[in-house]
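Mapping of the sequence shown onto UniProt numbering: position 18 corresponds to residue 18, and the numbering continues sequentially without gaps.
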Amino acid sequence: MWKPHPLWLTHTTLRGFVQDRRPIRLHRVRAQRRWGYSVTGDRLPQAIPPSNRYPTVLSRLQSDSDLSQFVQALPPDVRSVLDQRNSNTWYTVFAPTNRAWNEAVSRLPPGESVANLARHHVLNKMLCSRAITRESSEVGPTMAEDYVRMTRTPNGRPAVLGPCSDQIPFERPDLMSATGVIHVVDKAITPLGSMELDEALKCLQRGGKQELAQAAREMEECDVVSRSKAKVVLLPTAKALQGAGDNPSMAKRMRSDRAYRCKVYAHHLLTPDNPKSLKNTKQNGFVQEEKFRTDYTAPNGSPVFVTGSYVRERDGSKLSFNGAKTTNLKPLKFRNGLIYSVESVNYPPEKTMLELIREEPNTIQIVSKIQETGIQKDFDHLESKVLFLAPIDMGWKTRDVENAYSTPQTRKLLQLHTIPHPIFGGDNGFVWHSTIHKVDTLLPDRSGGRIQLTIKRHPDGNTFIGHSELPEKLWAMVLKWNKVGTDGVVWMIDWPIRCPEDIC
Numbered sequence: 001m002w003k004p005h006p007l008w009l010t011h012t013t014l015r016g017f018v019q020d021r022r023p024i025r026l027h028r029v030r031a032q033r034r035w036g037y038s039v040t041g042d043r044l045p046q047a048i049p050p051s052n053r054y055p056t057v058l059s060r061l062q063s064d065s066d067l068s069q070f071v072q073a074l075p076p077d078v079r080s081v082l083d084q085r086n087s088n089t090w091y092t093v094f095a096p097t098n099r100a101w102n103e104a105v106s107r108l109p110p111g112e113s114v115a116n117l118a119r120h121h122v123l124n125k126m127l128c129s130r131a132i133t134r135e136s137s138e139v140g141p142t143m144a145e146d147y148v149r150m151t152r153t154p155n156g157r158p159a160v161l162g163p164c165s166d167q168i169p170f171e172r173p174d175l176m177s178a179t180g181v182i183h184v185v186d187k188a189i190t191p192l193g194s195m196e197l198d199e200a201l202k203c204l205q206r207g208g209k210q211e212l213a214q215a216a217r218e219m220e221e222c223d224v225v226s227r228s229k230a231k232v233v234l235l236p237t238a239k240a241l242q243g244a245g246d247n248p249s250m251a252k253r254m255r256s257d258r259a260y261r262c263k264v265y266a267h268h269l270l271t272p273d274n275p276k277s278l279k280n281t282k283q284n285g286f287v288q289e290e291k292f293r294t295d296y297t298a299p300n301g302s303p304v305f306v307t308g309s310y311v312r313e314r315d316g317s318k319l320s321f322n323g324a325k326t327t328n329l330k331p332l333k334f335r336n337g338l339i340y341s342v343e344s345v346n347y348p349p350e351k352t353m354l355e356l357i358r359e360e361p362n363t364i365q366i367v368s369k370i371q372e373t374g375i376q377k378d379f380d381h382l383e384s385k386v387l388f389l390a391p392i393d394m395g396w397k398t399r400d401v402e403n404a405y406s407t408p409q410t411r412k413l414l415q416l417h418t419i420p421h422p423i424f425g426g427d428n429g430f431v432w433h434s435t436i437h438k439v440d441t442l443l444p445d446r447s448g449g450r451i452q453l454t455i456k457r458h459p460d461g462n463t464f465i466g467h468s469e470l471p472e473k474l475w476a477m478v479l480k481w482n483k484v485g486t487d488g489v490v491w492m493i494d495w496p497i498r499c500p501e502d503i504c
């Protein structure tokens, strides 16, 4: 009599089905009394016998004429691995019938879109129907480098759970071969990656990403995507839309004013300024400081840009689009681009930096100097890729040297206060507690380069800005962060930063 041998299964061994760590006892029994076990530990009926008739998954697929359209659409590399007799990997193929496949591809452009849809139906592991006893988390990867979920229908049939939470039952499960298994389905499993943006938004309203359902519904209601060519879409989470951020008044306005709400969503539809960006369909990330034009247009008719930048935090890097920070670095893909969930809302700017500065108290001096020097031309040339440090009036009172500058000298001084990077500070930006950042300014140095400023944030949150030729006790302190204009970002500081010797 054989003794049972305990086998421990954990999340790391079988992704998607094992909900807890517990022993499963598998018994060696006589061949004529085989039993199967699911990955959740449930005892199953008689196990599926191996197939010697079909040496590969591909040969099994080719034997069924009702799967010929799907087989024909398989890319050459997928056909190759599915036809390997001595494969070290066992595969699962969810094979749509000819009618189901033709219906799915009729909505797609030919070429890579059809190939990617076919890849989505091939799983890089073997999964028999009897192993599916409950709804799973994501299982994969597929050969499209994404994941699927499995479930049981109300009447107990095994099924794939589509991205829109639609159940796709197995019509003919467990067609075995020597290198894997095939489950015939009567509907193609259409991932977000095969959908246009409007279809993807409808899907997200019904699918498993409940935290994005509200934003997807409101963006669709605004009808801002029908004419959009956006390659990157930012969808705020439900928590972000509740105003759990730094702008409760703007969140309230967004909820009560439909026209403004639609401007906000237009501001979350982004097109890379670099035409080569996102040409690779497998590309997820961007270069540091990638510039995007939004679908929102400023009241003066000018285009509005945001900048995507990577921000390192304690729990890893995040991708930030101005004030909208992604929840993670893994976007959802739709047919022509990427969807990022963001934990904060990018409210569209409605005024220029100069107008924002003018609205602040104690800014008569800096407003006058901006107008006098014509530095606005530098701002316009940078096309929103600018951070301007604006000193308040109190800081100019004791600056006899700077107040005596000629107009060209004052222009150089303001160039020292202009950083050609749209840096966001504070806890939702780059400048975290106990961090130091060095940035170039527009002011040329003595060797043909640019004067660098150091931004230093102390553990108590106070932030000071200066340069290597200025004692730290004379550095300027940041009073307000992140006033976003149509042409750049403004920080208010307590006094002007002195120019290095003989530069201004």
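For every residue, glycine included, the Cβ atom is placed at its ideal position computed from N, Cα and C.
Owing to the predicted nature of the structure, the values given are computational and were not obtained by experimental measurement.
| Query | Result |
| --- | --- |
| Helix or strand or just coil, what does DSSP make of residue 510? | Since the first residue of the chain shown is 1 and the last is 504, residue 510 is not available in this structure. |
| When you compare the CB positions of THR179 and TYR296, do they come within less than 8 angstroms of one another, or not? | no |
| Would you mind giving the Cβ-Cβ distance between ILE182 and LEU175, rounded to the nearest angstrom? I have them listed as a contact below 8 angstroms. | 4 angstroms |
| Go through its chain and collect everything with a Cβ distance to SER468's Cβ below 6 angstroms, but skip five positions before and after it. | none |
| Can at least three beta-carbon pairs, one atom from the segment 260-276 and one from the segment 223-237, be found at a separation below 8 angstroms? | yes |
| Tell whether a beta-carbon distance below 8 angstroms holds between THR56 and ARG85. | yes |
| Alpha carbon to alpha carbon, how far is GLU289 from GLU372? | 31 angstroms |
| Please confirm whether ILE493 and LEU354 have their CB atoms less than 8 angstroms apart. | no |
| Would you say HIS381 and ILE497 are within 8 angstroms of each other, going by their C-beta atoms? | no |
| Are the beta-carbon atoms belonging to VAL71 and LEU235 less than 8 angstroms from one another? | no |
| So, helix, strand or coil for GLU501, using DSSP? | coil |
| In the DSSP assignment, the beta strand (DSSP E) including HIS437 goes from what residue to what residue? | 435-444 |
| Would you report the Cα separation of residue 510 and LEU338, rounded to the nearest angstrom? | It is not possible to answer for residue 510, since the shown part of the chain is limited to 1 through 504. |
| Please go through the same chain and pick out, in chain order, the residues whose beta-carbon is closer than 7 angstroms to the beta-carbon of ILE366, but skip the five residues on each side of it. | ILE357, ALA390 and PRO391 |
| Rounding to the nearest angstrom, what Cα-Cα distance links MET219 and LYS325 in this structure? | 18 angstroms |
| On the CB-based measure, 16 or more other CB atoms within 10 Å of its CB, does GLN210 come out buried or exposed? | exposed |
| What is the DSSP secondary structure of MET477, reduced to helix, strand or coil? | strand |
| If you draw a straight line from the alpha carbon of CYS504 to that of SER447, how long is it in whole angstroms? | 14 angstroms |
| Counting pairs of beta carbons, one from the segment 154-164 and one from the segment 185-202, are three or more of them closer than 8 angstroms? | yes |
| If you reduce the DSSP assignment to three classes, tell me which class residue 506 lands in. | Residue 506 is absent from the structure shown; the chain starts at 1 and stops at 504. |
| Just the Cα atoms here: how many angstroms apart are ALA47 and MET126? | Bear in mind that the predicted position of ALA47 carries a pLDDT of just 43, short of 50, making it unreliable; the figure below should be weighed with that in mind. Rounded to the nearest angstrom, the two C-alpha atoms are 14 angstroms apart. |
| For LYS291, collect the residues of the same chain with a Cβ closer than 6 angstroms to its Cβ; drop the 5 residues on either side in sequence, then sort them by chain order. | ASP273, PHE305 and THR307 |
| Which runs of the beta strand (DSSP E), 3 residues or longer, sit entirely within the segment 332-389? | 332-334 and 337-342 |
| Quick check on the DSSP output: the beta strand (DSSP E) that includes LEU270 runs from which residue to which? | 269-272 |
| Cβ atoms of GLY323 and ASN462: under 8 angstroms apart, would you say? | no |
| Starting from LYS318, trace the beta strand (DSSP E) in both directions and tell me its first and last residue. | 316-321 |
| When we look at the beta-carbon of ARG21 and count the other beta-carbons within 10 Å, is it buried (16 or more) or exposed? | Any reading at ARG21 is ruled out, since the residue's pLDDT is 32, under 50, leaving its predicted position unreliable. |
| Identify, in the order they occur along the chain, each residue of the same chain with its Cβ nearer than 6 angstroms to the Cβ of LEU332, setting aside the five sequence neighbours on each side. | LEU192 and ILE339 |
| Going by the beta-carbon positions, is the gap between ILE465 and LEU414 smaller than 8 angstroms? | no |
| Quick one: what's got a C-beta closer than 6 angstroms to GLN409's C-beta in the same chain, skipping five residues either side? | CYS504 |
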